Structures are given as C-alpha cells and as structure tokens.
Amino acid sequence: MKDHLVCIKLGLALVLLGLLFGVGLGITFGANEAMFEQYIAQGIAAHPELHDAKSPDKIWRYAQRAHFHANGIAAFSLGLLLLVAFSTLKDTLKKVSATLIGLGSAYPLAWFTMYLLAPSIGRDAAHGHLITELFTFVGVGGLVVGLAILLANLFLGLGKASGSK
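So this is what it looks like as structure tokens:
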C-alpha cells in the first residue's frame, strides 16, 4: 500500500488540507457562529451603500458554501486519489493527476474569499475579485483536468505504465 501512496502524496496532502479547512470551519461555526455574523454586520454597517437587505444572508451563505464545498470536494477527491493510486497510469501521470485533483481544494477558498471580501467591497465585487477568480480557476481547472487524466486511463487505456495490463 505504501508504494501506491508515493505517487499521490502531494495531491493527498492538498486534499487533506482541504478537508481540515472544511471541518475546521464547521467546528468554528458550532463554537462561535456569532463571530461570523458580527464580521458581516460590521462590514455592512461600514459600507451600507454597497449592500441591500439580502446581503447579510447571502454573505453568511458564502461562508457556509466554503464549508460544504471543502468537505464535499475533499471526500470526492479522496475517492479519486484511491483510483489514481491503483490505476495503470505511469508514475509521472499519477503524480500530475493526483496533484491536479488535490488543487480542487482551492475552490472552497473562492467562497471563503467572497465571504471575507463582500462586507467591505460588496457582493458583486467580491464575486469578481482576482483572488476569488484565481481560486475558482485553479480549483475547478485542477479537478477537471486531473479527473480527465484519470478517466482517460481508466476507460481509454491512455497513459499506461509499461507492463500494465
């Protein structure tokens, strides 16, 4: 089993960090949800011209989505990494695929960035912010390309290591 994990270590580390982020957010919500709500309320009070009546609920939802996506993507990605580890991919492609899948953990950070930025710059500006976009493209792009490499191997036999059946 240890031999199978060597090629996916970086991807596994990224996925586990994403899982810890999601679980940590959940624990923090349970321990001190008011902290999140106060952060939102203070930001809206400081910049009322940027907000409407829906802002408090929508911004709070961004934090929740960060939590949901972090846990969901991490769970999905752990399964994918097991498939990568035991696939017939060449070791180099296993590393690439696993790392790209691990980068999927960046996507929940886009939602968390929107939560952090929206109170002070508005929801639309937070949604289109460079950092939000970067986390979105890295997360979604990494996951999609890593999954494509894995699927190409599993269903089309592409990228097989020599001697694989």
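Residues in the sequence shown are numbered consecutively from 10, following the numbering used here. Even glycine gets a Cβ: it sits at the ideal position worked out from N, Cα and C. Fair warning: this is a prediction, and the values are worked out from it, not measured in the lab.
Quiz item: What did DSSP end up calling L98 once you bin it into helix, strand or coil?
Solution: strand
Exercise. Output yes or no for whether 8 Å exceeds the beta carbon distance between H13 and A84.
Key: no
Quiz item: N80: which of G33, V153, P128 and G137 sits nearest, CA to CA?
Solution: G33
Quiz item: Using a beta-carbon distance below 8 Å, is L98 in contact with chain D?
Solution: Note that chain D does not occur in the displayed structure, where there is just one protein chain.
Practice problem: Could you check what DSSP says for K104 in three-state terms: helix, strand or coil? | Solution: helix
Exercise. Indicate the three-state DSSP secondary structure (helix, strand or coil) for K169 in the structure shown.
Key: strand
Quiz item: Which residue comes first and which comes last in the alpha helix (DSSP H) that contains G52?
Solution: K18 to A55
Exercise. For the stretch 105 to 119 and the stretch 22 to 33, state whether three or more C-beta atom pairs, one from each stretch, are separated by less than 8 Å.
Key: yes
Self-check item: Alpha-carbon to alpha-carbon, I53 and L59
Solution: 8 Å
Quiz item: Can the beta-carbon of Y124 be found closer than 8 Å to that of I36?
Solution: no
Exercise. Would you kindly work out how many angstroms separate the C-alpha atoms of Q47 and G172, rounded to a whole number?
Key: 60 Å
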